[in-house]
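Chains as they are written, first to last, in the working numbering: chain A, 2 to 335; chain B, 2 to 335. Just so it is clear, CB atoms sit at the ideal spot from N, CA and C, and this is done for glycine as well. Here the structure is a predicted model, which means the values were calculated and not measured. Worksheet: the structure to be examined is printed underneath.
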DNA sequence: ATCGCTTTTGCAAGCGTGTGCAAATGCTGC
DNA sequence: GCAGCATTTGCACACGCTTGCAAAAGCGAT
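Printed below as a string of structure tokens:
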């Protein structure tokens, strides 16, 4: 154990022959310090290997620079892409991300937010799980900002970033019909997330408006295996669908693989498939999945720019982003 | 702006009618406090919504509870899977993960480690990039622990977790030969990571030992597109390979897709393919990729258990983990 | 009640930083 | 040289917590 401990501003001050305030001001942007002493301090700091202690700074300023990312299923393509974009943006804004994994228990979003409070995070971004109202209230009351991505609820205070899920669903429904399909199906998971349900309801409603019924199947989590399972259910029916909209790309990939390899169907000749998210795999030539692109970069930018803005707290802020349809080869025509 | 600020131990103490020390001890495990006062404190804390300030605690204890994860290409299947496992394990051990994205610049690993130092992280886990020696020295000197995953270098002090890459490469070489292949190829990226190069050299050496040459191609980053590009190079040769070992699964997926859809080749009949990592997509039925499974859970467990152990600092610690061969359908026979 | 012992409790001194305030310093124009 | 002003500097307090130390309290036995 070297146990040398970290070098403090005090030591730098002594080495540079100035007061401790001077070194503090040198590392505080916008503080008044002469160029001469500034240089002396910087030299001494460099020689000693000094780094401002952000714990202490956060304690004083009552602003830690930490932003909590609360997320489950980190290994999933869409989630990890969003994570990438968010950390990138946060670092651009001088913030640092604290990552909290809520895969395990159900109340884990609450535990996570508690952790965020303990470290006095300036803000939390929630990508999964619906935290308890009492906790979010606590966050907000303590001046912590909150961003909810794709999980709109009726709370007051947090920024909510959503997509035009229902509208997108309607667009794909007409695309299916235009491609000559008439036996529509929707493949969903049992997760029941607001955005997933919005896609389902939007799709069913749009179909109904065109005088068509929709076969809806839901299964398990929002993953590849569930897509296969739903295919099992849909493709063993008396009347097979000729177009299926999957709530996520992972479901779509699973569905396509099952349709092709297990039921020997051709996509898109015998069945058209569409997904949602535009994960990387959707563009792989084995799939060529027509899908809606989640605007991850835009989402991250919106979230972070709101977090760091001086003048947030604007009462009931909601951002609704647009999901572009990326046309590939899993739907006829185009 | 409510600006109510956080509630402090002082306020809890007053409400509970005890001293500030008492409430501090209540939240410090292993401190001496009578059950009666403890209860009074807990009640008061709950009523006021008190949470220990980990910034201040870290300042006092000289131990923040923060572990930095330094990682690039977060959106990648293997990386995100490892990230998931690591955060899980860290939380199990009462630590919290600070995520640092090093996608952009080259010296960004250094910047990241600086950030880790500023927040007085107890440890850093490096999944990407080779930090400068001066920085790692600084980390170690300040009692910060360091874990390097799959990027062995000769530094003294950090824990290094590696795989038996070369051995795995040799195993797959013999598997290819046993499947009747004789025109071997290796598909790599230009990243030149130690583990990637170990796979390449191991494969070439094993082939040479069996009297076979290997066509080696390298291209771009370690992703799907590179796999396609390498396929372009390998499959337009006068003599096509009949077996190719790809340094990662993403490369393998890209290679397979190009081989099948662009060159109309059949896998595994005309060409056998193997990968490395065992990402989720490898098991998708469009690929059925035979590959080596990275022991992500084991890796995470090793890393974290070493970090939290009392007695680390054991001079030159290296862990070499085994990668199991997962046999699927991209190689004949089996 | 007194003693000896263990447990609990409060005091106060830090941890490393930011910042208001007043003193000190530098600069400009006579 | 000096007055007038802007800028820089140091002091000292505060932030919220932990913890060594000594005083206080509990407790059982004499």
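- Excluding sequence positions up to five before and after residue 173 of chain A, its CB lies within less than 6 Å of the CB of 246 and 275, all in the same chain and listed in chain order.
- Annotation: residue 220 of chain A is outside any beta strand (DSSP E) and is labelled neither H nor E by DSSP.
- With 16 or more other Cβ atoms from the protein chains shown falling within 10 Å of its own Cβ, residue 249 of chain A counts as buried.
- CA-CA distance, residue 41 of chain A to residue 229 of chain B, rounds to 55 Å.
- Around residue 291 of chain B, no beta-carbon contact reaches into chain A at under 8 Å, the shortest distance being about 17 Å.
- Counting along the chain, no alpha helix (DSSP H) covers residue 277 of chain A; the unbroken beta strand (DSSP E) around it starts and ends at 273-278.
- Minimum Cα-Cα distance from residue 186 of chain A among the listed residues A/242, A/57, A/139 and A/163 corresponds to A/242.
- For residue 198 of chain A, the nearest beta carbon of chain B is not closer than 8 Å to its own beta carbon.
- Spatial neighbours of residue 184 of chain A in its own chain (CB-CB distance under 6 Å, excluding positions within 5 residues in sequence) are listed in chain order as 242 and 243.
- For residue 163 of chain A, the secondary structure class from DSSP, reduced to helix, strand or coil, is strand.
- For a Cβ distance threshold of 9 Å, residue set 75, 76, 81, 84, 100 and 102 of chain A lies close to residue 84 of chain B, ordered along the chain.
- With a threshold of 8 Å between beta carbons, residue 146 of chain A makes no contact with chain B.
- Look at residue 57 of chain B: its C-beta is under 8 Å from a C-beta on chain A.
- Residue 97 of chain B is bridged by DSSP to B/67.
- Taking the C-beta atoms as reference points, residue 60 of chain A is found nearer than 8 Å to residue 57 of chain B.
- Of the residues assessed, residue 257 of chain A falls on the buried side of the cut-off, its CB having 16 or more other CB atoms within 10 angstroms.
- Look at residue 128 of chain A here: in three-state DSSP terms it is coil, with no helix or strand label.
- Residue environment analysis places residue 300 of chain B among the buried positions, since at least 16 neighbouring C-beta atoms fall within 10 angstroms of its C-beta.
- Membership of residue 149 of chain A in the beta strand (DSSP E) is indicated by the continuous run 146-150.
- Between residue 253 of chain B and residue 232 of chain B, the C-beta gap is not smaller than 8 Å, which leaves the two residues out of contact.
- The contact set of residue 50 of chain B on chain A, defined by CB atoms closer than 7 Å, consists of 139 in chain order.
- Going by beta carbons, residue 19 of chain A and residue 49 of chain A fall outside the 8 Å limit.
- In the same chain as residue 128 of chain A, and ignoring 5 residues on each side of it, the C-beta atoms closer than 6 Å to its own belong to 72 and 150, in chain order.
- Between the segment 73-83 of chain B and the segment 136-145 of chain A there are fewer than three inter-stretch CB-CB distances shorter than 8 Å, so the stretches are not counted as touching.
- Residue contact check for residue 311 of chain B against chain A: no CB pair falls below 8 Å.
- Against residue 287 of chain A, the close residues of chain B are 254, 257, 258, 261, 262, 285, 287 and 288, in the order they occur along the chain (beta-carbon pairs closer than 9 Å).
- Identification of chain A residues near residue 7 of chain B by a Cβ-Cβ cut-off of 9 Å yields 63, 118, 121, 143 and 144, ordered along the chain.
- The Cβ atoms of residue 68 of chain A and residue 138 of chain A lie no closer than 8 Å to each other.
- Contact of residue 217 of chain A with chain B by beta-carbon distance below 9 Å is absent, the smallest such distance being about 24 Å.
- For residue 189 of chain B, no CB of chain A lies under 8 Å from its own CB, so it is not counted at the interface with that chain.
- In terms of Cβ geometry, residue 227 of chain B and residue 268 of chain B do not form a close pair [threshold 8 Å].
- DSSP, reduced to helix, strand and coil, places residue 294 of chain B within a strand of the structure shown.
- Residues of chain A whose Cβ lies closer than 8 Å to the Cβ of residue 115 of chain B are, in chain order, 52.
- Boundaries of the alpha helix (DSSP H) around residue 256 of chain B: 250-258.
- Put simply, the CB of residue 97 of chain B is near chain A, with a gap under 8 Å to one of its CB atoms.
- Residue state for residue 187 of chain B is assigned as strand, using DSSP reduced to three classes.
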